[in-house]
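Trainee: In terms of our numbering, the sequence shown has 1258 at position 78, counting the first letter as 1, and numbering is strictly consecutive. Even glycine gets a Cβ: it sits at the ideal position worked out from N, Cα and C. Below: one structure in structure tokens.
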Amino acid sequence: MAASDSQRAETRHDSDVSLPASKKNADQQSKEASDAEPEDVEKGEKPPTNPWADPKSFPDGGAKAWLTVAGASACLFVSFGWVNCVGIFQEYYQSHQLKSYTPSDIAWIPALQIFFMLFGGTFVGKIFDNYGARYLLLTGTFFHVFGLMMTSISTKYYQLLLSQAICSPIGASMVFYPAFTCASTWFFEKRGAALGLVVAGSSLGGVIFPIMIIHLLPEVGFGWTLRICAFLILALLLFANLTVRSRIPPTKRPFSVLAFFRPLKVPSFSLLTAAVFFFYWGMFIPFTFIVVEAQSHGMSLRLANYLVPILNAASIIGRTVPNVIADKVGRFNVMIVMSGFTTILILAMWQPATGNAALIVFAALFGIASGAGIGLTPALCAQVSPIQEIGVRTGTVFSIAAIAALTGSPIGGQIIGDSHGSYRYAIVFGGVSCAIGTALFIITRISHAGVKMTKI
């Protein structure tokens, strides 16, 4: 009987805003749900049943669903997968066209790149909810490819900022969010596994792009390296434009700034947003500085550059296997474990590591741990959101996380500069930030379902 009650609670949880863990907190969970529903609830009117939110309406498979997953994976390949190359560009710019600039100055390029890709969710999520994915994918394809083509002919700091750090990631944002949201609409029981396959595209891109860049730069130069990458991105996005579809038709609603802040009134959602902020704040430190930090310990440039594809190859495991496990034992439960593991790796392994072997092992293990954190974020957003608001809520979470991405790497670069080139305190900053994020994930879980050991 207890198992039956638990199963019914999980079904209610995925299709609504919250999952009551017991009768004791049922009233509060009911209040959270009412706060999160559209405006007709606020007026005291009971909203009509949404047939799209019925768990039985999700196909959880089929040709259209899996083609959407494939196209969405291609979107992640060219967006987050491209951003995963930031470590290589940080090193390249420090030793080539921007060698007269400080590491903190150069770190603004990858930081702004990540910021604009994530922060775009504020607007992209709302546009998706109102108009669907089609125009977003087409516009994003143009801006992403155009930005990289302009980067290929850039030689000045401001030119790289405008093309690589602003134009390209704005386009990437327009393909990044629809990919997640469209895939979420096709799956209920298998949502974690499906989104894990989508996010795995970013890991694959993070493996292929760095290796391409490492081999192309000395052969064809900076300009043609960027153009070849841009042509590959164009081909994959053409495939995505043909395959990515949402199961749910768009519903036009008036644009309101309050639409982005209203979900933050729900305690479980606001706590989740804070947890993601701190976790991402620390997580991007290794992504940005792992190559130059390894070189400071005597690792050759060629081997150090391969740390990025090693990290991203390992994150394929981190962005798929934990998501499958999360469908069985609970997404919050797995997120807490993997974010805690990320914290331990940064503070207890990367910080004291000096030899090549230790740094390579760290890169692989960090890829698995951080990959799970990235892969589970959209699933957690969907879990605490009504289905008709998944787009805007996912955008809200990632937009606030974008502030962490914008400030984390430059803060790390400034700490390195103030420490006379030592990476120790920047690593500590990253580890402590992830630790705070882990603590907030635990608090979110307790707020959402209590302390009872159950699937959540």
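1. Write down the C-beta distance between F1474 and A1484 rounded to the nearest angstrom, noting that I regard them as a contact closer than 8 Å.
2. Could you check how far apart the C-beta atoms of G1617 and S1519 are, in whole angstroms? I think they sit under 8 Å.
3. What's the C-alpha gap between P1290 and S1353?
4. Does the beta-carbon of W1461 have 16 or more other beta-carbons within 10 angstroms, so that it is buried, or is it exposed?
5. Rank K1445, S1334 and H1477 by C-alpha distance to the C-alpha of A1538 and give the top, closest one.
6. Under the assumption that V1514 contacts A1454 (Cβ atoms under 8 Å), give the Cβ distance between them as a whole number of angstroms.
7. Comparing C-alpha positions only, which one of R1433, V1379, R1425 and Y1337 sits nearest to N1264?
8. Pick out whichever of F1546, C1409, G1547 and V1258 has its Cα sitting closest to the Cα of F1356.
9. Exposed or buried, what is A1415 when buried is set at 16 or more other beta-carbons lying within 10 Å of its beta-carbon?
10. Could you pull out every residue in the same chain whose Cβ sits closer than 7 Å to the Cβ of K1244, ignoring the five residues on either side in sequence?
11. Considering only the beta carbon of each residue, do A1359 and Q1293 sit closer than 7 Å?
12. Candidates G1610, G1498 and K1508: which alpha carbon is nearest A1544's?
13. Apply the 10 Å Cβ neighbour rule to L1525 and answer buried if 16 or more other Cβ atoms are within range, or exposed otherwise.
14. State the DSSP-derived secondary structure class of A1582, mapped to helix, strand or coil.
15. Leaving out five residues before and five after L1377 in sequence, what residues of the same chain have Cβ atoms less than 7 Å from its Cβ?
16. State the DSSP-derived secondary structure class of H1324, mapped to helix, strand or coil.
17. Could you compute how far the alpha carbon of W1530 sits from the alpha carbon of I1465?
18. Look at the Cβ atom of R1427, then the Cβ atom of W1366, and state whether they are nearer than 7 Å.
19. Have a look at T1522, S1599, I1548 and I1540 and flag the residue whose alpha-carbon is nearest the alpha-carbon of G1610.
20. For A1533, does the three-state DSSP call read helix, strand or coil?
21. Once you ignore the five residues that flank S1348 on each side, which residues in its own chain have a CB closer than 6 Å to its CB?
22. Just to confirm before moving on: does the CB-CB distance between R1407 and S1332 stay below 7 Å?
23. Our contact map puts I1570 next to A1562 with C-beta atoms below 8 Å; I'd like the distance itself, whole angstroms only.
24. Report the option in V1304, A1615 and E1271 whose CA atom is closest to the CA atom of T1319.
25. Which residue from A1549, V1517, N1503 and I1607 puts its Cα closest to that of R1371?
26. What is the DSSP secondary structure of K1336, reduced to helix, strand or coil?
27. Counting C-beta neighbours from all protein chains within 10 Å, is the total for E1271 16 or more, i.e. buried, or is it exposed?
28. Taking the alpha-carbon positions, what's the N1310 to F1578 distance?
29. Tell me which residue opens and which closes the alpha helix (DSSP H) that G1462 is part of.
30. From the DSSP output, in three-state form, read off T1361 for me.
31. Give every residue of the same chain whose Cβ lies closer than 6 Å to the Cβ of F1260, excluding the five residues on either side of it in the sequence, and list them in chain order.
32. CB-CB under 8 Å to A1439, same chain, minus the five flanking residues each way: which ones, in chain order?
33. Entirely within the stretch 1510-1561 and at least 4 residues each: give me those alpha helix (DSSP H) ranges in chain order.
34. Is it right to say S1599 is buried, meaning 16 or more other beta carbons lie within 10 angstroms of its own, or is it exposed?
35. So the candidates are A1528, F1435 and A1581; which of them puts its Cα closest to the Cα of F1296?
36. Whole angstroms is fine: what's the gap from S1198's alpha carbon to I1626's?
Mentor: According to the data block:
1. What sits at residue 1474 in the sequence shown is Ala, not Phe. Confirmed, about 4 Å.
2. About 6 Å separates the two Cβ atoms, so the contact holds.
3. 14 Å
4. buried
5. H1477
6. So it is not a contact: roughly 19 Å between Cβ atoms.
7. V1379
8. Considering only alpha carbons, the answer is V1258.
9. exposed
10. R1425
11. no
12. G1498
13. buried
14. helix
15. V1249, S1253 and T1500
16. helix
17. Whole-angstrom Cα-Cα distance: 11 Å.
18. Cβ distance < 7 Å, so R1427 and W1366 count as in contact.
19. Ranked by how close their Cα comes to the Cα of G1610, the residues T1522, S1599, I1548 and I1540 have T1522 in first place.
20. coil
21. Within the same chain, Cβ atoms closer than 6 Å to the Cβ of S1348 are found at H1324, G1327 and L1328, the five residues on either side in sequence being excluded.
22. Closer than 7 Å, so yes.
23. I1570 to A1562, Cβ: 5 Å. Contact.
24. V1304
25. N1503
26. coil
27. buried
28. Inter-residue distance for N1310 and F1578 is about 19 Å (C-alpha atoms, whole angstroms).
29. P1447 to S1476
30. helix
31. Contacts found: S1382.
32. K1306, R1433 and V1572
33. 1511-1524
34. exposed
35. A1581
36. With a pLDDT of 36 at S1198, under the threshold of 50, the modelled position of that residue is not reliable, and no figure is offered here.
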